[in-house]
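A short write-up of the structure that comes next.
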Amino acid sequence: MNVKTSEDAFNFAKDCLKIKEEIDNREKQLPKKEKKKNTSQWKGNSSKYNSDYSKFESCLKEIEENDQLEEQQQEQRRKQKNEAQENKQHFLSSRNPCTHDHSKERQLYEKESKEKIKASNAFNEEGKKAFYEKNYKLACVYFRKGLIQLDYSFPDSEQEQQEQSRLEINLHLNLAITKFHMSSYHECISECSTVLSLDKNNAKAHYRKGHAYMSLDLYSEAKEEFLKALEMNPTDNDVKRSLLTLKNKMVSYTKREKLVCSKFFPSSGKEKENLAMGKKGPNNYATGQPNDDDNIGHTDAGRGIPTVTAQNDRTKNVEEESGTTSKLTANWGEENPCGLAHKRKEYFPSFASNGSNFFKHSSPIFLLNNIFLCLLVCFFVFLFLLFLFMFIFTSCKFFSTFFFTTLSIVALSYYVFVYVHNAAKN
31 MNVKTSEDAF NFAKDCLKIK EEIDNREKQL PKKEKKKNTS QWKGNSSKYN SDYSKFESCL
91 KEIEENDQLE EQQQEQRRKQ KNEAQENKQH FLSSRNPCTH DHSKERQLYE KESKEKIKAS
151 NAFNEEGKKA FYEKNYKLAC VYFRKGLIQL DYSFPDSEQE QQEQSRLEIN LHLNLAITKF
211 HMSSYHECIS ECSTVLSLDK NNAKAHYRKG HAYMSLDLYS EAKEEFLKAL EMNPTDNDVK
271 RSLLTLKNKM VSYTKREKLV CSKFFPSSGK EKENLAMGKK GPNNYATGQP NDDDNIGHTD
331 AGRGIPTVTA QNDRTKNVEE ESGTTSKLTA NWGEENPCGL AHKRKEYFPS FASNGSNFFK
391 HSSPIFLLNN IFLCLLVCFF VFLFLLFLFM FIFTSCKFFS TFFFTTLSIV ALSYYVFVYV
451 HNAAKN
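Numbering of the sequence shown is given in my numbering, commencing with residue 31 and proceeding in unit increments.
Encoded structure:
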């Protein structure tokens, strides 16, 4: 088949074939090293036009790492939320007792009453052992466990009921004495009160409650408890000894209180000497010998109330010795419940007592005149200083001298008038 082409196309094809033949001949003539160089150059030139996927792979790696970090953060957030919910549930369960786990209570409830009584007896014995070993905290734990066993027990027969009540009373009494040895006296009192609510005629509860009150320095309450225990058990020597110790404590307390009052309000010189020498006074608080009035059952001192009658007697003696009582000062001893009327002399100036000794019967008039005299002297001193100031620093010297002299004359005449008038009245 003949194809018609142009001459130019035919010539172009010839040229291309020639070029190809020349290239083939050159490749045949070139050594192997040069061929490798050419191939490497060709590869380098071709790499410019090839697509590089390394950047894309690095981006993918970064994206994957970011995804992993986000997943880890989400897991941490989930854990935190779960922990917060658990804490919230725990807090609510601790606040509301109805939401906590009742499995142990169910186990106790499902047991027989005999088993519960045996378990409480065992806990009681363990608590006694710990108490004798002076491990009071552990003893309290065992006694509490024994009481918990009895809280969930419901006896069927009367014998079991009596045994349970007896064991409950013993556990509360043991708790009371352990709390007493732990110096938690209020808890000891509460345990004894629970025992008395179960058994009103329990002497041990009154006895231990009285000791707790005595340790708290509540002597009247302790006295009541000891007397109740003595009524229930009159032959108990421990109660009698505790009453004697209570009496001694109350007497020493009243003595200390009187000594403190005497230090705050010092008495006359004779009584100070008696206190210093330890002589026997009207209340006998300088020595260690109690009076007949210190009996617990008869006097206020036994109830822990300090007496003040002897102190009032001392004030009367001081007033009789001085002989200078007046209506104004005599009312102090009547109104003052502490009986400190004789102390009024210490709060007045010395010139008042001297004036009263000089005039004797007219002590209130002279007391008034002495005070007025003191004020007059102060007024004259003030006038003198003011006169000096006016005389030195002012020009109206004649007027100032006339003014101050007239003032002094008027004040002096007024004082003389008051003094003479009161003396004439007396």
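Backbone N, C-alpha and C fix where the C-beta goes; we use that ideal spot for every residue, glycine too.
In this structure, residue 169 keeps its C-beta atom at 8 angstroms or more from the C-beta atom of residue 224. The criterion of a C-beta distance shorter than 8 angstroms is satisfied by residue 238 and residue 210. Rounded to the nearest whole angstrom, the CA to CA distance from residue 443 to residue 406 is 11 angstroms. If you draw a straight line from the Cα of residue 437 to the Cα of residue 414, it is about 11 angstroms long. The straight-line gap separating the alpha-carbon atoms of residue 159 and residue 113 is approximately 43 angstroms. When secondary structure is reduced to three states using DSSP, residue 443 falls in the helix class.
Around the beta-carbon of residue 162, fewer than 16 other beta-carbon atoms lie within 10 Å, marking it exposed.
With fewer than 16 other Cβ atoms inside 10 Å of its own Cβ, residue 140 counts as exposed. By the Cβ-count criterion, residue 219 is buried, with 16 or more other Cβ atoms from all chains shown falling within 10 Å of its own Cβ. Looking only at 267, 274 and 266, the smallest Cα-Cα distance to residue 252 is reached by 274. Just so you know, the alpha carbons of residue 197 and residue 266 end up roughly 23 angstroms apart.
Per DSSP, residue 163 is not a residue of any alpha helix (DSSP H), being assigned neither H nor E.
Counting along the chain, residue 45 sits inside the alpha helix (DSSP H) bounded by residues 37-59.
With 16 or more other CB atoms across the displayed protein chains lying within 10 angstroms of its CB, residue 147 is buried. Where residue 266 is concerned, there is no enclosing alpha helix (DSSP H), because DSSP gives it neither an H nor an E.
In the DSSP annotation of this structure, the continuous segment of the alpha helix (DSSP H) that includes residue 210 starts and ends at 188-211. Less than 8 angstroms divides the Cβ of residue 232 from the Cβ of residue 199. In the structure shown, residue 184 adopts coil according to DSSP, grouped into three states. Taking all protein chains shown into account, residue 106 has fewer than 16 neighbouring C-beta atoms within 10 Å of its C-beta and is therefore exposed.
Less than 8 angstroms separates the beta-carbon of residue 176 from that of residue 201. Pairing residue 213 with residue 249, the inter-Cα distance amounts to about 17 angstroms.
Taking a C-beta distance under 8 angstroms as the contact criterion, residue 236 and residue 258 qualify as a contact pair. A straight line joining the alpha-carbon of residue 289 with that of residue 277 spans about 18 angstroms. If you draw a straight line from the Cα of residue 45 to the Cα of residue 38, it is about 11 angstroms long. In this structure, residue 117 keeps its C-beta atom at 8 angstroms or more from the C-beta atom of residue 157.
Close CB contacts of residue 260 within its chain, under the 6 angstroms cut and outside five residues either way in sequence, are with 269 (chain order). For residue 206, the number of other beta carbons within 10 angstroms of its own is at least 16, and it is reported as buried. A direct Cα-to-Cα measurement between residue 227 and residue 243 gives close to 18 angstroms. Pairing residue 191 with residue 185 gives a Cβ-Cβ distance under 8 angstroms.
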